[in-house]
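Below is one structure, written out as structure tokens; comments come after it.
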Amino acid sequence: MVDDDGFAAPSRRPHFIRLLAFVAFLLTMFYLVAIARVVDIDAVRRTVTATGPMAPLAYIVMSAVLGAMFLPGSILAAGSGLLFGPVLGLFVTIGAAMGTAIVASTVGRRAGRDSARVLVGPNRAQRIDSVIERGGLWAVVGQRFVPGISDAFASYTFGAFGVPLWQIAIGSFIGSAPRAFVYTALGASIRDRSSPLAYAAIAVWCVTAVVGVFAARHVYRHWRHHPGGDGAATESGDEPS
28 MVDDDGFAAP SRRPHFIRLL AFVAFLLTMF YLVAIARVVD IDAVRRTVTA
78 TGPMAPLAYI VMSAVLGAMF LPGSILAAGS GLLFGPVLGL FVTIGAAMGT
128 AIVASTVGRR AGRDSARVLV GPNRAQRIDS VIERGGLWAV VGQRFVPGIS
178 DAFASYTFGA FGVPLWQIAI GSFIGSAPRA FVYTALGASI RDRSSPLAYA
228 AIAVWCVTAV VGVFAARHVY RHWRHHPGGD GAATESGDEP S
């Protein structure tokens, strides 16, 4: 393929194959961890408990890695509440959520960013960079509120599209806090499901789900009515002299 300047444009096939292989790897890992359940959660808890005073830090590290491997965050958060109680467990859960986001986005950036930019083309890549610069942080926050979307998969995607690591970390901290409270509180109150803490967790979950649905609807309607954004306007305007 030859571009307008007469130079041979790089083939997209290697980048497509690279992204396809990366997605296949993620899907395989998702199946093994989230569906086939090859990870023994009880063994993880025993290992963490054996570390003694370092147990909270050990759980953060292990949960960050397991979360990036698609182990459901609700299970990890509930285990945190069961092991450490609602207060310390909440901080452990949030730390683990941030760790998962950092690990997944870093892997996604190194494995897929260059290929993603080649496949979408330079113009779209510039528009994506502009959107990320304006609202990457809040995109991460908003995604955490939308129910049914894997945080790990979203973090891989954010990394592949070049969302800065600090935006992913802070956005994960802000956006994960409500659900972190919900599942950690449920885990802490598992022996007394009629406790006020359990009812509070359910109430927060309902509010978070409603906010997430409205946020997703707002974003969808915005993109449907303004598909090109500022980038489209720039392309259609005159070039600077």
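Residues in the sequence shown are numbered from 28 upward in steps of one, following my numbering. For every residue, glycine included, the Cβ atom is placed at its ideal position computed from N, Cα and C.
| message | My assumption, with CB atoms under 8 Å, is that Gly100 sits in contact with Gly94. Please give the rounded CB distance. | response | Indeed, because the Cβ distance is near 6 Å, the residues count as touching under 8 Å.
| query | Do you know how far the Cα of Ile87 is from the Cα of Arg72? | reply | It is roughly 12 Å from the alpha-carbon of Arg72 to the alpha-carbon of Ile87.
| query | Taking the Cβ atom as the reference point for each residue, do Thr120 and Ala215 lie within a distance shorter than 8 Å? | reply | No, the Cβ-Cβ distance between Thr120 and Ala215 is not below 8 Å.
| query | By DSSP, does Thr74 sit in helix, in strand, or in coil? | reply | Helix at Thr74.
| query | From Met89, Gly135, Pro80, pick the residue whose C-alpha is nearest to that of Gly189; which is it? | reply | If we check each option's Cα against that of Gly189, Gly135 comes out closest.
| task | Write down every uninterrupted run of the alpha helix (DSSP H) in the region 144-208 whose length is 4 residues or greater and which is fully enclosed by it, in chain order. | result | DSSP runs (the alpha helix (DSSP H)) wholly in the region 144-208: 149-172, 178-187.
| What is the DSSP secondary structure of Ala131, counted as helix, strand or coil? | Correct three-state label for Ala131: helix.
| request: May I have the straight-line CA-CA distance separating Thr235 from Ser38, to the nearest angstrom? | output: Cα to Cα, Thr235 sits roughly 44 Å from Ser38.
| task | Please determine if the region 191-210 and the region 154-166 are in contact, where contact requires at least 3 C-beta pairs separated by less than 8 Å. | result | Taking a contact to require three or more Cβ pairs closer than 8 Å, the region 191-210 and the region 154-166 qualify as touching.
| request: List the whole-angstrom C-beta distance separating Phe97 from Val60, where the pair is believed to meet the contact cut-off of C-beta under 8 Å. | output: Yes, they are in contact, since the Cβ atoms of Phe97 and Val60 sit about 5 Å apart, within 8 Å.
| message | Starting from Pro83, trace the alpha helix (DSSP H) in both directions and tell me its first and last residue. | response | Judged by DSSP secondary structure, Pro83 falls within the alpha helix (DSSP H) whose first and last residues are 82-95.
| query | Taking Ala143 as the reference, which of Ala227, Met81, Thr184, Val75 has the closest Cα? | reply | Residue Thr184 holds the alpha-carbon nearest to the alpha-carbon of Ala143 among Ala227, Met81, Thr184, Val75.
| request: Determine the direct distance from the alpha carbon of Pro149 to that of Gly5, and round the result to whole angstroms. | output: For residue 5 there is no data in the structure shown, the boundaries of the chain being 28 and 268.
| request: Please determine, among Ser199, Ala91, Val75, Ala179, the residue with the shortest C-alpha to C-alpha distance to Ala123. | output: Per the Cα distances, Ala91.
| message | I'd like the list of long-range same chain contacts for Val66, defined as Cβ closer than 7 Å, with 5 residues on each side in sequence excluded. | response | These residues qualify, in order along the chain: Val60, Leu93, Leu98.
| query | Alpha carbon to alpha carbon, how far is Ala276 from Leu54? | reply | For the chain, the structure presents residues 28 to 268; residue 276 sits outside this window and is missing.
| query | In chain order, what residues of the same chain have a beta carbon less than 7 Å from the beta carbon of Pro83, not counting five sequence neighbours either side? | reply | So the qualifying residues of the chain are Phe111, Leu115, Val119.
| task | Note down the Cα distance separating Ala35 from Pro41, rounded to an integer number of angstroms. | result | Confidence at Ala35 is low in this model, with a pLDDT of 49, below 50, so the placement of that residue is unreliable and no value is reported for it.
| Are the beta-carbon atoms of Ala128 and Ser182 separated by less than 8 Å? | Against a cut-off of 8 Å, the Cβ pair of Ser182 and Ala128 comes out as a contact.
| message | Can you find the residues in the same chain that come closer than 6 Å, C-beta to C-beta, to Ser132, ignoring five residues on each side of it along the sequence? | response | Contacts found: Ser182, Phe185, Gly186, Ile195.
| query | Whose CA, out of Val209, Phe172, Gly139, Ile159, lies closest to the CA of Tyr226? | reply | For the options Val209, Phe172, Gly139, Ile159, the alpha carbon positioned closest to that of Tyr226 is the one of Val209.
| said: Is the separation between the beta-carbon of Val168 and that of Gly139 shorter than 8 Å? | reply: Between Val168 and Gly139, the C-beta spacing is not below 8 Å.
| request: Compare the C-alpha of Ala104 against each of Ala204, Gln153, Ile62, Ile155 and name the closest. | output: Here the closest residue by C-alpha is Ala204.
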